[in-house]
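Read the structure below first, then the notes.
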Amino acid sequence: MMQCKNHVERVAIERCTGCAEPFCGDCLVEMHGQKYCGSCKVMALKGGEPIVLEHRTRPSKEADEALKFALIGIFCFGFILEPVALIKAAEARKSIKMDPELTGAGKANAATVIAVVILTLWILGIVAKVSKAG
Ligand SMILES: [Zn+2]
Ligand SMILES: [Zn+2]
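What follows is the structure, encoded as structure tokens:
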């Protein structure tokens with residue numbers, strides 16, 4: 213009984229055409245009628261060329277949160293949530309600048325715009341109430 217090279221707990225069903233190592237069904241991919249493991253598949257696709265990894269990007273968590281707070285702030289607790297959104301958006305922009313793999317600059321900008329607009333509306337609303345009361 214062969215073990216999958218990637219999964220010790222699994223039984224290998226076949227050997228990879230490229231490296232002849234045993235792999236389970238989840239690890240093997242069929243190409244041109246041959247079974248390949250993950251790394252050999254990429255090699256086969258590129259015609260044996262070394263693999264150039266795609267530039268990996270990941271979304272900025274702060275930008276996501278900034279936009280979330282900004283959007284929720286439109287409906288409730290704007291005077292609390294919009295400043296939080298502004299801070300998070302600023303943090304997001306800073307980390308995006310430092311880490312080119314981070315995405316979400318657009319979200320951070322959107323969050324800033326929304327936060328500023330909603331805060332302005334809140335302030336205007338408070339001013340209107342105060343001046344009415346006065
Ligand atoms: Zn292989
Ligand atoms: Zn496996």
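Mapped onto the working numbering, the consecutive letters of the sequence shown carry residue numbers 213 to 346. Ideal Cβ placement from N, Cα and C applies to all residues, glycine included.
query = In this structure, what does DSSP give as the bridge partners for Val241?
reply = Tyr248
ask   = Within 10 angstroms of its Cβ, does Leu298 collect 16 or more other Cβ (buried), or is it exposed?
value = buried
Ala322 - containing alpha helix (DSSP H), residue span = 317-345
inquiry  = Here's the rule: buried if 16 or more other CB atoms are within 10 angstroms of the residue's CB, otherwise exposed. What is Pro234?
reply    = buried
request  = Determine the closest residue to Ala327 out of Cys288, Ala340, Leu283, Lys258, with distance taken between C-alpha atoms.
outcome  = Leu283
message = Suppose you measure from the CA of Glu313 to the CA of Asp276; what does that come to, to the nearest Å?
response = 15 Å
request  = May I ask which residues mark the beginning and end of the alpha helix (DSSP H) holding Leu307?
outcome  = Strictly speaking, residue 307 in this sequence is Ser, with Leu absent from that position. Ser307 -> alpha helix (DSSP H) spans 290-310.
task = Confirm the yes/no value for this check: CB of Phe235, any heavy atom of ligand 2, distance under 7 Å.
result = yes
request  = Would you check whether ligand 2 has a heavy atom nearer than 7 Å to the C-beta of Arg222?
outcome  = yes
message = Using a Cβ-based criterion (distance less than 7 Å to any ligand heavy atom), does Cys239 qualify as near ligand 2?
response = yes
ask   = How is the alpha helix (DSSP H) around Glu277 delimited, first residue to last?
value = 273-287
message = Looking at ligand 2, does it come within less than 7 Å of Cys252, judged from the CB to the closest heavy atom?
response = no
message = Could you check if Cys231 belongs to the surroundings of ligand 2, using beta carbon to heavy atom distance under 7 Å?
response = no
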